[in-house]
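**Student:**
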Amino acid sequence: MSTNGTKVLLVDCVDPHFAPSASETLRSKVGDNFTILTTQTAWNGGAAPLDFQDAQVIFIRATYNDLNSSALHANDGTKLQALVAAGALVVVFVGTCASFHIANLTGEKVTVTANNYHAASCVIWDHSSFDLLFATLGHRISVAHLLNPVWKDAQPQRILKSCADQLTGFIFGRGKGQIVFLPDFGQYDTDAIELVLTKILPSVAPHLLYDDSFKWLEDEVYLMPTLAQLRLSRAQERTEHEKRDQELERQYKEAWENLQKGWNELLSSSGDTLKLAVKRAFELFGYGAIDVDEFWKNQGQPERRKEEDLWLAEGCVPDPSKPGAFLVEVKSSGNGNAKESDYTQLIKYMNRRKAEFGNGALAGILAINHSYLLPAANRPAAFTGTIISDAERDNVRLVTTWELFRLVQKILARQIAAPEIRTRFSAPGALGTKIPT
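Reading the sequence shown from the start, the letters are residues 138 to 574 in the numbering used here.
Encoded structure:
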C-alpha cells in the first residue's frame, strides 16, 4: 500500500454543484490516510478518454447537461472494470444523466428512469454497510432515479428502493472489487463521500485502507536487501536527476541571455536596437552589412543627414557603387502594418544613392517589425497588395522581422543553409511566400 494513503479519485465532483474548494475541504476532513485526486469528464468540460490514475476508490457524480454525446468515453468502462476486478471500490451518485453515461464510464448497463415520487422517499431494501449513509443523509437525497441493471452472472445486491418498491440503489460485485450505485445527494455529496471513506469503507473494502500503525516496517533497518537496494537506487536517481535538471536550467538561462534575448529584439524592439538586430540577421545569412550612420561618422561626416539604415552585399564589404549592393530601410509599428510612406521613403533614399554612387541597379530591402505589440505568430499581413506589386517593379525586397526571425531559427537548427537564404533575396517582391515551412 502506498505510504501516501489510499488513492481516491473524484470524477465530476467539483462541478456544477460542488464548490471549487470541495476537494480541499474533503482532504482536511478525511486526514492523511487518503490521497484525494480530481478529474472531469468531457461531458463536464474535461477531457476524454478519462485517466483513472490507478485510484483505489473512485467516486463518480453522474450529473450531466450533455444528454446527446453518447460516444464520449466509450472505452473508459473497460478500464474501470479492470480496476474494480483488481479490488477497487467505485461509488456512482446517479443524478441527471442518461444510461449511456453510466455504461460508458462504468461498463455496466443500467436503465435510468425518472422517479415520480419525492427523491428522499426511499426505503432500505437489503441491509448493507451503506445503511449508515442512508440513516445519516437520507433527507439530503436530491435525485433518486429508478435503476434497472442488466447482469450476466450474480444478481446485484439491492440496498435501496423507492416508496413504490422500485430499485434506486444497488451493489455489483466484480472480481475483488465492487461498484455501488446510489442516489445523488446534490450539494451534500461531499458529506456522503466523507462518510463512505471514514465510516463505511472499513467494512466494505478493508483491504483498501491504509494503516500507518506499521509504517515503521518501511524503515531501512527492516527492508530485505532487494528492497533496500531499490530504495537506494531511487534516491540516487533522484539526486542525479536533480543535478541534471539544475545543469540544464543553468544552460537554459545562459543561452537565453547570450542567444535568445538578442534575437528576440527582431520581434519586440524598434529604432537603433531593431536596426542592429536586423544587421546581425543578415550577417548570419552571409551578407556583409554596414550601419550607414556609423559609416558616415567614420568618414568624418557625422552631421550628414540620416537616411537609410544599412547597406548589404553578398559575401563582401558593401559598396553602393558596385553591383549586388542593397540599401536597407528598417521600420517598426506597434499596432499597424507597413504604410505607403514607409515604402516611398525607401524609394526616395534609393534614388538618391543611385544618383550619388552612379549605380542604377542598386536594390532595396524594406524590413519591418509590424504590429509588434501582438505575438509574432498572430500578426496580420504586413504589406498591401499595392506595395508588393510596386516592390516587384522597383527592385525592392519586402521582409518582416518575424520572417527574419524564422530564418534565423532555421539556419541555427541547420534546416536551411545561408546560400539558400540569400537566393530567396535575389528576386524582388515579398519574402513571406519564399520561406520554407
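For each residue, glycine too, the CB sits at the ideal point set by N, CA and C.
Taking just the CA atoms, how far does M487 sit from C453?
**Tutor:** For C453 and M487, the distance between alpha carbons rounds to 20 Å.
**Student:** Give me the residue from N202, E477, F494, L385 with the minimum Cα distance to L535.
**Tutor:** The shortest Cα separation from L535 among N202, E477, F494, L385 belongs to E477.
**Student:** Please classify P556: is it buried, with 16 or more other beta-carbons within 10 angstroms of its beta-carbon, or exposed?
**Tutor:** Classification for P556: exposed.
**Student:** Starting from A240, follow the beta strand (DSSP E) in both directions and report where the run begins and ends.
**Tutor:** Looking at the DSSP string, A240 is not in any beta strand (DSSP E); the run it does join, the alpha helix (DSSP H), is 236–243.
**Student:** Checking the sheet assignment: what are the DSSP bridge partners for G425?
**Tutor:** BP columns for G425 point to A450.
**Student:** Which of the three DSSP states is assigned to G314 in this structure?
**Tutor:** In this structure, G314 counts as strand in the three-state DSSP scheme.
**Student:** Per DSSP, which residues does N285 bridge with? Please list them.
**Tutor:** Paired residues: T248.
**Student:** Would you mind sorting K443 into buried or exposed? The rule is 16 or more other CB atoms within 10 Å of its CB.
**Tutor:** It counts as exposed.
**Student:** Below 8 Å on the Cβ atoms is my contact criterion, and I expect D321 with G232 to pass it. Report the Cβ-Cβ distance as a whole number of Å.
**Tutor:** Contact holds; Cβ gap of about 4 Å.
**Student:** Going by beta-carbon coordinates alone, are Q177 and K144 separated by less than 9 Å?
**Tutor:** Their beta carbons are not under 9 Å apart, which means Q177 does not touch K144 by this criterion.
**Student:** Could you check what DSSP says for K443 in three-state terms: helix, strand or coil?
**Tutor:** The answer is coil: DSSP assigns K443 none of H, G, I, E or B.
**Student:** May I ask which residues mark the beginning and end of the alpha helix (DSSP H) holding F542?
**Tutor:** Its alpha helix (DSSP H) spans residues 538–549.
**Student:** Comparing alpha-carbon positions, which option in V194, W539, N212 lies nearest L345?
**Tutor:** The candidate whose alpha carbon is nearest that of L345 is V194.
**Student:** If you compare alpha carbons, which of L338, A450, R530, I553 is closest to P565?
**Tutor:** Residue R530 is the option with its Cα nearest to P565.
**Student:** Measure from the alpha carbon of A301 to the alpha carbon of each residue in A256, F307, G497, then state which is nearest.
**Tutor:** Per the Cα distances, A256.
**Student:** Give me the Cα-Cα distance between K298 and E161, rounded to the nearest whole angstrom.
**Tutor:** Cα to Cα, K298 sits roughly 33 Å from E161.
**Student:** Shortest alpha-carbon distance to N252 belongs to which of F542, L284, A240, L146?
**Tutor:** Ranking the options by Cα distance to N252, first place goes to L284.
**Student:** Applying the 10 Å Cβ sphere with the 16-neighbour rule, what's the burial state of K468?
**Tutor:** Its Cβ being crowded by 16 or more others within 10 Å, K468 is buried.
**Student:** With S469 as the anchor, note down where its beta strand (DSSP E) starts and where it stops.
**Tutor:** Element bounds for S469: 462–469.
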